[in-house]
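Student:
Numbering (the numbering used here), first residue to last: 114 to 611.
1. Can you tell me which of the three DSSP states residue 405 falls into?
2. Between the region 125-143 and the region 181-197, are three or more C-beta pairs nearer than 8 Å?
3. For my contact list, residue 360 and residue 316 are in at a C-beta cut-off of 8 Å; report their separation, rounded to the angstrom.
4. How many Å lie between residue 480 and residue 507 at the Cα?
5. Out of curiosity, what's the CA-to-CA distance linking residue 416 and residue 362?
6. Using the rule of at least 16 other Cβ atoms within 10 Å of the residue's Cβ for burial, across every protein chain shown, is residue 132 buried or exposed?
7. In the DSSP assignment, what are the bridge partners of residue 142?
8. Please work out which residues of its chain come closer than 8 Å, Cβ to Cβ, to residue 491, disregarding the five sequence neighbours upstream and downstream, and give them in chain order.
9. Hey, quick one: how far does the beta strand (DSSP E) through residue 529 stretch, first residue to last?
10. Identify which residue in 470, 474, 431 and 463 has its Cα closest to the Cα of residue 494.
11. Pull up the distance between the alpha-carbon of residue 130 and that of residue 256, whole angstroms please.
12. Closer than 8 Å by C-beta to residue 285: which residues in its own chain qualify, once you throw out the five before and the five after it? Chain order, please.
13. CB-CB under 6 Å to residue 396, same chain, minus the five flanking residues each way: which ones, in chain order?
14. Taking 7 Å as the limit between beta carbons, can you name the residues of its chain near residue 251, skipping five residues before and five after?
15. Report the rounded CA-to-CA distance for residue 590 versus residue 212, giving the unit in angstroms.
16. Should the region 220-232 be regarded as contacting the region 262-272, the criterion being three or more beta carbon pairs within less than 8 Å?
17. Return the bridge partner residues of residue 234 from the DSSP annotation.
18. Would you say residue 161 and residue 239 are within 8 Å of each other, going by their C-beta atoms?
19. Apart from the five residues on each side of it in sequence, which residues of its chain come closer than 8 Å, Cβ to Cβ, to residue 515?
20. Let me check understanding here. Comparing Cα to Cα, which of 429, 254, 247 and 443 lies closest to residue 473?
21. Whose C-beta lies closer than 6 Å to the C-beta of residue 174 among residues of the same chain, with five residues either side of it excluded?
22. Rounded to a whole number of angstroms, what is the C-alpha to C-alpha distance between residue 202 and residue 533?
23. Residue 305 bridges to which residues according to DSSP?
24. Hey, residue 283 and residue 335: beta-carbon distance below 8 Å or not?
25. Which residue from 253, 333 and 367 puts its Cα closest to that of residue 304?
26. Expressed to the nearest angstrom, what Euclidean distance is found between the alpha-carbon atoms of residue 143 and residue 554?
27. Give the DSSP-derived three-state secondary structure of residue 150 in the structure shown.
28. Are residue 385 and residue 328 close, meaning C-beta to C-beta below 8 Å?
29. Considering Cα atoms alone, identify which of 431, 247, 433 and 546 is closest to residue 559.
30. Nearest to residue 517 by CA position, among 498, 289, 476 and 343, is which residue?
31. Measuring only the C-alpha atoms, how far is residue 593 from residue 548?
32. Quick one: what's got a C-beta closer than 7 Å to residue 287's C-beta in the same chain, skipping five residues either side?
33. Please report the straight-line C-alpha distance between residue 595 and residue 443, rounded to a whole angstrom.
34. Within 10 angstroms of the Cβ of residue 461, are there 16 or more other Cβ atoms? Answer buried if so, exposed if not.
35. What does a CB cutoff of less than 6 Å around residue 600 pick up in its chain, not counting 5 residues either side in sequence?
36. Relative to the C-alpha of residue 183, which residue among 207, 273, 154 and 482 is closest?
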């Protein structure tokens, strides 16, 4: 399904889904239990070749061998389970699941259950969507899926299996449908789309009389949806944040597009952008997720650039509001127990803090917040260390904190398996050695100690500094000199989280 949709919920709003509902009267969804944690890396051989060939050619060099070795090396040479998150893991799993799809069809054909006649199925990562004429056929297909999964050491999560008859309307699809209607109604009150001079649709703001009333009414309607479907904000918030972030971008594009119609008051752009960003922050604060954090950051950076370039006198107004909402967000997340045991500062906070570098770098409240968050620096890992050093930059008043973060990085590398084995250590070594906010003398000294750690001879101070300067000619994992946040966020959003 990947060539047509980027998220699973899009399938339920597609022509393909309607076509299948027209042909089949029964629908069943089947989930694979603990998919990525259960994948045995050697099963890639079984997917690419026959099981017999895989057993006979374990030492052969080929696609399966090289890919298997790569996935093991990403996970401390473990063969049980693959890393969750990297796009390469999804590709690895897809190679295996594509073979499972084929085996399901072959097994059912052998059992006289014919694909595209008695049933069809679609799969998104580890979710199977089965369409059949009867529940009995659905049982046969489910049985075949379970059998073929077991050959690859995978299993069906029976607790998540759901069967419905026409009309096909799952709880999830009903929630999204109702949310879409409510979101569309909200946006129709504040944004209109007109054809610009290039013949393209462009977004323009409508006049707003009471923004607070609009937000309250919208939130009330979303709450009603949650109540009707007996669910929480987590079922809707990501969708709302994503949709509102897109409208922020649409309005910025609309402002720049040529249009000879009636002049649009600039105050309308300001009012609607502020309304959208406040809405984004509300729904993100009540349910922060890593995926949604990218949309929050994109909206903030996009609006900041519009205000800075077109309404510079109103930029302080935007900055003050965003800073206030960000502080509320950080405090809210900080009170949640689910984050405290996982990491010192969750990614949901870091991704929203980073745009502060662009909108309010010298704002005292932001400085105070960042310093306060660094109180637990001794628990920091890679992402916290590089994020806060980036936020502090080269400002002299934060030099002491940068030194502490650098020391924390050194401690991690010293206590772990080292950069030759441990990925976090390798990231920290390369990023810290080229960081311009740390004196070259300190970096050169650490470089020499690392030489010894890796079994290499130490060099003179001048040679160490020369090596550091050579390393700094390229960017490693962090670009310290300048970051185009929008370009970076677009790249991150292309790699969908699943």
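Beta carbons: idealized from backbone N, C-alpha and C, even for Gly.
If you're wondering where the values come from, they're calculated on a predicted model, not measured in any experiment.
Tutor: In brief:
1. Here the question's residue 405 lines up with position 292 in the chain shown. Helix.
2. Cβ pair count under 8 Å is below three, so no.
3. If you number the chain shown from 1, residue 360 lands on position 247. If you number the chain shown from 1, residue 316 lands on position 203. Indeed they touch by this definition, with Cβ atoms about 7 Å apart.
4. Residue 480 sits at position 367 when you count from the first residue of the chain shown. Residue 507 sits at position 394 when you count from the first residue of the chain shown. Cα to Cα, the separation comes out at about 13 Å.
5. Counting from 1 along the chain shown, the entry for residue 416 is found at position 303. Counting from 1 along the chain shown, the entry for residue 362 is found at position 249. About 8 Å.
6. As a first step, residue 132 is located in the chain shown; it is residue number 19 there, counting from the start. Classification for residue 132: exposed.
7. Translated into the one-based positions of the chain shown, residue 142 becomes position 29. Partner(s): 242 and 275.
8. Counting from one through the chain shown, the residue named residue 491 turns up at place 378. Contacts found: 521.
9. The sequence position of residue 529 within the chain shown is 416, counting from 1. Careful: residue 529 lies outside any beta strand (DSSP E) and carries neither H nor E.
10. Taking the chain shown and counting its residues from 1, one reaches residue 494 at position 381. It is 463 whose Cα lies nearest to the Cα of residue 494.
11. Residue numbering aside, residue 130 sits at position 17 when the chain shown is read from its first letter. Residue numbering aside, residue 256 sits at position 143 when the chain shown is read from its first letter. Approximately 23 Å, taken between the alpha carbons.
12. Position 172 of the chain shown, counted from the start, is the residue given in the question as residue 285. The answer, listed in chain order, is 122, 125 and 348.
13. Locating residue 396 in the chain shown gives position 283, counting from the first residue. Excluding residues within five positions, the ones whose Cβ falls inside 6 Å are 350, 353 and 354.
14. What you label residue 251 is simply residue 138 of the chain shown in a count that begins at 1. For residue 251, where only same-chain residues beyond five positions count, the Cβ hits under 7 Å are 139, 141, 243, 245 and 276.
15. Residue 590 sits at position 477 when you count from the first residue of the chain shown. Residue 212 sits at position 99 when you count from the first residue of the chain shown. Roughly 35 Å between the two C-alpha positions.
16. The region 220-232 makes no contact with the region 262-272; the number of CB pairs closer than 8 Å stays below 3.
17. Position 121 of the chain shown holds residue 234. DSSP output for residue 234 lists 243 as bridge partner(s).
18. As a first step, residue 161 must be located in the chain shown, where it is residue number 48. As a first step, residue 239 must be located in the chain shown, where it is residue number 126. With respect to the 8 Å criterion, residue 161 and residue 239 are not classified as neighbours on the basis of their beta carbons.
19. Position 402 of the chain shown, counting from 1, holds the residue named residue 515. The answer, listed in chain order, is 502, 505, 550 and 551.
20. The residue labelled residue 473 in the question sits at position 360 within the chain shown. It is 429 whose Cα lies nearest to the Cα of residue 473.
21. If you number the chain shown from 1, residue 174 lands on position 61. Confidence at residue 174 is low in this model, with a pLDDT of 46, below 50, so its placement is unreliable and the value that follows should be read with caution. There are no such residues.
22. The residue labelled residue 202 in the question sits at position 89 within the chain shown. The residue labelled residue 533 in the question sits at position 420 within the chain shown. Their Cα atoms are separated by approximately 22 Å.
23. Start at 1 with the first residue of the chain shown, and residue 305 comes out as number 192. According to DSSP, which records beta bridges pairwise, residue 305 is partnered with 317.
24. Numbered from its first residue, the chain shown carries residue 283 at position 170. Numbered from its first residue, the chain shown carries residue 335 at position 222. Not closer than 8 Å, so no.
25. Walking along the chain shown from the start, residue 304 turns up at place 191. Nearest option by C-alpha distance: 367.
26. If you number the chain shown from 1, residue 143 lands on position 30. If you number the chain shown from 1, residue 554 lands on position 441. Rounded to the nearest angstrom, the two C-alpha atoms are 58 Å apart.
27. Looking up residue 150 in the chain shown gives position 37. Here residue 150 sits in helix by DSSP.
28. Start at 1 with the first residue of the chain shown, and residue 385 comes out as number 272. Start at 1 with the first residue of the chain shown, and residue 328 comes out as number 215. Not a contact, by the Cβ cut-off of 8 Å.
29. Taking the first residue of the chain shown as 1, we reach residue 559 at position 446. Answer by Cα proximity: 546.
30. Walking along the chain shown from the start, residue 517 turns up at place 404. Ranking the options by Cα distance to residue 517, first place goes to 498.
31. The sequence position of residue 593 within the chain shown is 480, counting from 1. The sequence position of residue 548 within the chain shown is 435, counting from 1. Going by the C-alpha atoms only, they are around 6 Å apart.
32. Within the chain shown, residue 287 is the residue found at index 174, counting from 1. Cβ neighbours of residue 287 beyond the five flanking positions: 342.
33. Here residue 595 corresponds to residue number 482 of the chain shown, with the count starting at 1. Here residue 443 corresponds to residue number 330 of the chain shown, with the count starting at 1. Those two C-alpha atoms are separated by around 25 Å.
34. As a first step, residue 461 must be located in the chain shown, where it is residue number 348. That one is buried.
35. For the purposes of this step, residue 600 is taken as the residue at position 487 of the chain shown. Counting only Cβ-Cβ distances below 6 Å, and skipping sequence neighbours, we find nothing.
36. Numbered from 1 along the chain shown, position 70 holds the residue referred to as residue 183. Taking only the C-alpha atoms, the option nearest residue 183 is 154.
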